[in-house]
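For reference, the structure is listed below as structure tokens.
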Amino acid sequence: FVLCVELVGGKWVTISGVSYLFPLPLSYIAISGIAYCIKGWRELQLAITLPAVCFLPLLWVLPESPRWLLSMGKSEKVLSVLEDAAKFNKMELPASVDKLIKQEISKGEGSENQSPKVNLLDLYRTPRMRRTSFLLYILWFCVYIVYYGLVLNLSNL
5 FVLCVELVGG
15 KWVTISGVSY
25 LFPLPLSYIA
35 ISGIAYCIKG
45 WRELQLAITL
55 PAVCFLPLLW
65 VLPESPRWLL
75 SMGKSEKVLS
85 VLEDAAKFNK
95 MELPASVDKL
105 IKQEISKGEG
115 SENQSPKVNL
125 LDLYRTPRMR
135 RTSFLLYILW
145 FCVYIVYYGL
155 VLNLSNL
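Taking the working numbering, the leading residue of the sequence shown gets 5, the next gets one more, and so forth.
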């Protein structure tokens, strides 16, 4: 999700943030059809897992997140990724982009020492965070229980 949103800019951020999940319900429908045709669970597992191998080359094709590279202080790689994106979009980078990258890196180095360390217990330190965390646990539990209840009882509906 993060890489999907970071690599898309402007008015397309919201659309890409929502639409990257569109294939999920379609895959549930497809798996039902595949399961109807393939009766053995081992063969079914193999049939639905093998297409994922096609996505392995994306590990080498997709660029690193420019924001992550920037936060790690890798200005040359940030510039390279931005140049590739500009070339793909048939645009030109501003001449001052290198200077802006170095400014952001130096700004990040100064604020790095000031940022507080956080841990899992911070979810429970304040009453509001405790309530929010607890409600999220309950809501996700309910969502999954309803989902599994529907799936397990599908033949009786």
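Built from N, CA and C at the ideal position, the CB exists for glycine as well.
Cα-Cα separation, Leu11 to Trp45: Residue numbering aside, residue 11 sits at position 7 when the sequence shown is read from its first letter. Residue numbering aside, residue 45 sits at position 41 when the sequence shown is read from its first letter. Near 38 Å, if we compare the C-alpha coordinates of Trp45 and Leu11.
Val65, DSSP secondary structure in three states: Numbered from 1 along the sequence shown, position 61 holds the residue referred to as residue 65. Helix, per DSSP.
Selected residue, minimal CA-CA separation from Ala89, among Gly13, Val6, Gly21: Residue mapping note: residue 89 aligns to position 85 of the sequence shown, counting from 1. Closest option to Ala89, Cα to Cα, is Gly13.
Three-state secondary structure (DSSP) of Val17: Taking the sequence shown and counting its residues from 1, one reaches residue 17 at position 13. Judged by DSSP in its simplified three-state form, Val17 adopts helix.
Three-state secondary structure (DSSP) of Ser100: Along the sequence shown, one-based indexing puts residue 100 at 96. Three-state result, Ser100: coil.
8 Å contact criterion, which Leu48 and Ala39 should meet: CB distance rounded: Position 44 of the sequence shown, counted from the start, is the residue given in the question as residue 48. Position 35 of the sequence shown, counted from the start, is the residue given in the question as residue 39. So it is a contact: roughly 6 Å between Cβ atoms.
Test item: CB-CB of Leu209 and Ile105 under 8 Å: No statement about residue 209 is possible, as the shown extent of the chain runs from 5 to 161 and does not include it.
CA-to-CA distance, Tyr148 to Leu158, given in whole angstroms: Position 154 of the sequence shown holds residue 158. Position 144 of the sequence shown holds residue 148. Going by the C-alpha atoms only, they are around 15 Å apart.
First through last residue of the alpha helix (DSSP H) which encompasses Ile149: The residue labelled residue 149 in the question sits at position 145 within the sequence shown. Here the alpha helix (DSSP H) through Ile149 covers 131-156.
Inter-residue Cα distance where the pair is Trp144 and Gly153: What you label residue 144 is simply residue 140 of the sequence shown in a count that begins at 1. What you label residue 153 is simply residue 149 of the sequence shown in a count that begins at 1. One C-alpha to the other measures close to 14 Å.
Euclidean distance between Cα positions of Arg71 and Leu63: Residue mapping note: residue 71 aligns to position 67 of the sequence shown, counting from 1. Residue mapping note: residue 63 aligns to position 59 of the sequence shown, counting from 1. Taking the straight line joining both Cα atoms gives about 18 Å.
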